[in-house]
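Single-structure report; data block below.
Residue numbers (my numbering): 87 to 447.
So this is what it looks like as structure tokens:
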């Protein structure tokens, strides 16, 4: 019995050491050490349940020996390790579909083992009342579903259901803090009791209650991940080849084909995969630097006026029409003669250059 307890304590220290190692869970070294711990825990569980037969279905909590109580957490630690297992293989053969499939199997097994731990405490009446109510409502005790842990809203508009879900989670969190405070008080009392069996028994039972609350909280995350992996479907990309008739397009004719510009310009062997245009980028940048601050005009003023006239946006008319010369009309001839005489008199009175003499005569 002492050797089994010593081995169990050493395994718990190894688990803590692995948790604080900081190594990635998908690394080969981490998974190898994880598998070793799982194997050792299974051997320890076999000794406790089969060889030593420390637990029986017919006994109550009062019949349970104080030294046997810590072994009830075996399934909890085993479930924690199983939830971290991953499908590790070479990079060449690593496919997301295989990884997701195996991860789903590992999580299912972790949930089943964690439920074994909770059911063992349920049989000994060690579970918190809130967890016991959830277990009573489960359809399959060892395969719970995510929506069975807390009250779920019936729809996105069900505000009352969402509030009940939130309230239940808050109560569970507060209960976990209360039990953690009780556990800290029991540990302080143990230090001052000189290994009193009653104090030690109370400490072990409080540890199990606190572990059960942590297990229930962790199971929520595992069941959520299970739903995601179950609904996750990897859609294979189908490579479709175009018919030869569609690929051989005649130039300068209509086609409803849309070119795909997401493929690279050149292949690995230097083959041109799509059309491209060489641009003098240097001159383009130079034009932007030394050019106008705004876009220049696209047509001259004359061209603009011609377009305005054509479109009828320019008002016309309003000026006096010019009189057409009529030499046979005597009245018109007299007017023209008088205009010519007046112009001659004006030129005689104002000779050329008289306006630039500055009153010098």
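Ideal Cβ positions, reconstructed from N, Cα and C, are used throughout, including at glycine.
Item	Value
Could you tell me if residue 245 is buried or exposed, where buried requires 16 or more neighbouring beta carbons within 10 angstroms of its beta carbon?	exposed
Does the region 142-161 come within contact of the region 278-297, defined as at least 3 CB pairs closer than 8 Å?	yes
Is the Cβ-Cβ distance between residue 301 and residue 289 less than 7 Å?	no
Taking the alpha carbon of residue 255 as the point to measure from, which residue in 274, 234, 268, 240 has its own alpha carbon closest?	234
Determine whether the Cβ of residue 98 lies closer than 7 Å to any Cβ atom of chain B.	You won't find chain B in this structure, because it holds only one protein chain.
Considering residue 119, what are the terminal residues of the alpha helix (DSSP H) in which it resides?	114-132
How many angstroms separate the CA atom of residue 196 from the CA atom of residue 145?	27 Å
Taking only three categories from DSSP, how would you classify residue 258?	helix
Under 8 Å Cβ to Cβ from residue 384, same chain only, skipping five residues before and after it: list those, please.	none
Among residues of its own chain, excluding the 5 on either side of residue 221, which ones have a beta-carbon nearer than 8 Å to its beta-carbon?	204, 205, 208, 213, 227
Per DSSP, what kind of secondary structure is residue 287 in: helix, strand or coil?	helix
Just to confirm the assignment, what range does the alpha helix (DSSP H) spanning residue 421 have?	416-435
Would you check if the distance between the CB atom of residue 123 and the CB atom of residue 100 is smaller than 7 Å?	yes
Excluding the 5 residues flanking residue 89 on each side, which residues of the same chain have their C-beta closer than 6 Å to its C-beta?	none
Is residue 157 helix, strand or coil by DSSP?	helix
Among the candidates 215, 169, 309, whose CA atom is the shortest distance from the CA of residue 189?	169
From residue 151 to residue 252, what does the alpha carbon distance come to, in whole angstroms?	39 Å
Looking at the structure shown, is residue 400 part of a helix, part of a strand, or coil, going by DSSP?	coil
Label residue 171 either buried or exposed according to how many other C-beta atoms from any shown protein chain fall within 10 Å of its C-beta, with 16 as the threshold for buried.	buried
Of all the alpha helix (DSSP H) runs that stay within the bounds of the region 172-208, which reach a length of 4 or more residues?	none
Sorted by chain position, which residues of the same chain lie with C-beta nearer than 6 Å to residue 109's C-beta, five sequence neighbours on each side aside?	116
Run the CB neighbour count on residue 94, radius 10 Å, all protein chains shown included, and call it buried at 16 or more, exposed below.	buried
Between residue 159 and the rest of its own chain, which residues show a CB-CB distance below 6 Å, the 5 nearest in sequence each way excluded?	297
In the DSSP assignment, find the unbroken alpha helix (DSSP H) run with residue 222 in it and report its ends.	215-223
Would you identify the three-state DSSP class for residue 97, choosing helix, strand or coil?	helix
Measuring CB to CB, does residue 193 end up less than 7 Å from residue 311?	yes
Output the distance between the C-alpha atoms of residue 91 and residue 132, rounded to the nearest integer angstrom.	13 Å
Rounded to whole angstroms, what is the Cα-Cα separation between residue 283 and residue 219?	31 Å
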